[in-house]
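Report on one structure; see the data block that follows.
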Amino acid sequence: QPSWGYSKANGPYTWVSHFPIAQGSRQSPVDLRSSDTRFDAKLQPLNYHYMPTSSRILNNNGFSFKLSFDDSSDPCVLSGGPLDGHFRMNQLHMHWGCDEHAGSEHSVDGNTYAAELHMVHWNSSKYSNMQQAVAQPDGLAVIGVFIQVGAEHKELKKITDLLPMITQQDSKIELSGLNPLLLLPCSPAYWTYLGSLTTPPLYESVTWIVMKEPLSISSQQLEAIQSLYSLRSGKHERLLNNYRPPQLLAGREIRASFK
Ligand SMILES: NS(=O)(=O)c1ccc(C(=O)NCc2cc(F)ccc2F)cc1
Ligand SMILES: [Zn+2]
172 QPSWGYSKAN GPYTWVSHFP IAQGSRQSPV DLRSSDTRFD AKLQPLNYHY
222 MPTSSRILNN NGFSFKLSFD DSSDPCVLSG GPLDGHFRMN QLHMHWGCDE
272 HAGSEHSVDG NTYAAELHMV HWNSSKYSNM QQAVAQPDGL AVIGVFIQVG
322 AEHKELKKIT DLLPMITQQD SKIELSGLNP LLLLPCSPAY WTYLGSLTTP
372 PLYESVTWIV MKEPLSISSQ QLEAIQSLYS LRSGKHERLL NNYRPPQLLA
422 GREIRASFK
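Per our numbering, residue 172 is the first one in the sequence shown, and the count goes up by one each step.
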C-alpha cells in the first residue's frame, strides 16, 4: 500500500482510502472555536510528574522528528485535568509548515501558529504499553502546545541544535537531560476534547489537552526545524507542512479550564 504522507498524491485528503476512520466522528485536529467551547469549573489542574530524562531524537521516516523516551524507568507521568488515572509520556514530536503563519494542527478561532508540539502519553493505569493503549478509546493523552516565532526557547534549543545532525531521514541522535516540564507554557490554561491521532492510523484514542498560551522560539530555531529532510516519495526534499487540516467537530464539546 502506498505510504501516506503530506504531498498531493498521498496527503490528508487521500488518507480515507486506506484509513476510513478519517471520516469518523472524533477526528483531530479541530478548530478551537470560542462558540464551541465551554468553561468547566469541575476541570482539575493538570498534574505533571516530569523530570529531566534521556531520549533519542529520530527523523522518523519523513513525517516529523520524534523524541522517544524510555518509559520503563522513572517515567514522566501526567494526571489530573480531564484524565482518569496516570499517563506515561512515550514520545514528543512536532508539526510545522513553510512559513510562520501556518503549521500548527489545532487552530484558535481559525488562527494557526507556526508549529505545534505534541507530548504523547499512554494510559499506564489501564494498559501495559503504548502499543496496547494506542487503539483504545481512553488509551492516550496528548498535550498540544502552540509555537510562535519570537524569543529563543532555551529548552527547545537542546533539540533544535541537534536537528542539523539528523537532517537525513531515519537518522537518530541521543539527547539526555531534556526537561519536558520546561516545554510547557507558564499559564496552566487549556482546552480539552475527545479526538484522534492526527496521522494514520487515525485511531480515535486521544484525550486532547491543548494549552492556551503558545511557546516562542527564534526564527533560527524554526529554520532548523524546517530544514529537516526526508526521502518521501523517493525524492530528497524538505519535510514541510506535516500538519493535518481541521476536522469536523461533529457535535463534540470542547471544555476550557479557564473563563
Ligand atoms: N500527531 S499525534 O500526536 O496525534 C500522534 C501521536 C502518536 C502517533 C503514533 O504513535 N503513531 C505510530 C503508530 C500508531 C499506531 F496506532 C500504530 C502503529 C504506529 F506506528 C501518531 C500521531
Ligand atoms: Zn502530532
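Even glycine gets a Cβ: it sits at the ideal position worked out from N, Cα and C.
None of these values were measured; they are calculated from a predicted model.
{"Asked": "Look at the alpha carbon of SER196 and the alpha carbon of SER206, and state the distance between them as a whole number of angstroms.", "Found": "19 Å"}
{"Asked": "Quick one: what does DSSP say TRP186 is sitting in, helix, strand or coil?", "Found": "helix"}
{"Asked": "Return the CA-CA distance between ARG415 and GLU394, expressed in angstroms with no decimal places.", "Found": "20 Å"}
{"Asked": "Can you check whether the CB of PRO183 is closer than 9 Å to the CB of TYR284?", "Found": "no"}
{"Asked": "Less than 9 Å between the beta carbons of ILE396 and MET265, yes or no?", "Found": "yes"}
{"Asked": "Quick check on this structure: which residue in GLN215, SER235 and GLY310 has the alpha carbon closest to the alpha carbon of SER376?", "Found": "GLY310"}
{"Asked": "Just the Cα atoms here: how many angstroms apart are GLN340 and LEU410?", "Found": "9 Å"}
{"Asked": "What three-state label does DSSP hand ALA193 in the structure shown?", "Found": "helix"}
{"Asked": "With which residues is ALA312 paired in a DSSP beta bridge?", "Found": "HIS292 and THR378"}
{"Asked": "The alpha helix (DSSP H) that contains LEU327, what's its start and end?", "Found": "325–331"}
{"Asked": "Counting Cβ pairs closer than 8 Å, one from the segment 224–238 and one from the segment 274–283, do we hit at least three?", "Found": "no"}
{"Asked": "Going by Cα to Cα distance, which pick from GLN194, ASP332 and GLY348 is closest to PRO417?", "Found": "GLN194"}
{"Asked": "Taking only runs that begin and end inside the segment 234–285, name each unbroken beta strand (DSSP E) of 3 or more residues, in chain order.", "Found": "235–240, 248–251 and 258–267"}
{"Asked": "Could you tell me which residues DSSP puts in a beta bridge with LYS343?", "Found": "LEU229"}
{"Asked": "Which term fits ALA312, buried or exposed, when burial requires 16 or more other beta carbons within 10 angstroms of its beta carbon?", "Found": "buried"}
{"Asked": "Going by the CB atoms, is the gap between SER295 and GLY256 shorter than 9 Å?", "Found": "yes"}
{"Asked": "How about the segment 213–231 and the segment 329–339: do they share at least three Cβ pairs that are nearer than 8 Å?", "Found": "yes"}
{"Asked": "When the Cα atoms are used, what is the spatial distance from GLY251 to TYR364?", "Found": "14 Å"}
{"Asked": "First and last residue of the beta strand (DSSP E) that includes ILE425?", "Found": "425–427"}
{"Asked": "Can you determine whether any heavy atom of ligand 2 sits closer than 8 Å to the C-beta of HIS257, and answer yes or no?", "Found": "no"}
{"Asked": "Are the CB atoms of SER358 and ASP211 within a distance shorter than 9 Å?", "Found": "no"}
{"Asked": "Bridge partners of HIS220, per DSSP?", "Found": "VAL248"}
{"Asked": "How big is the Cα-Cα spacing for SER174 and HIS407?", "Found": "16 Å"}
{"Asked": "Does the distance from the C-beta atom of MET260 to that of ASN350 stay below 9 Å?", "Found": "no"}
{"Asked": "Ligand 1 heavy atoms versus the CB of PRO417: any closer than 8 Å?", "Found": "no"}
{"Asked": "Would you mind reading off the limits of the alpha helix (DSSP H) that contains SER390?", "Found": "390–397"}
{"Asked": "According to DSSP, is GLN319 helix, strand or coil?", "Found": "strand"}
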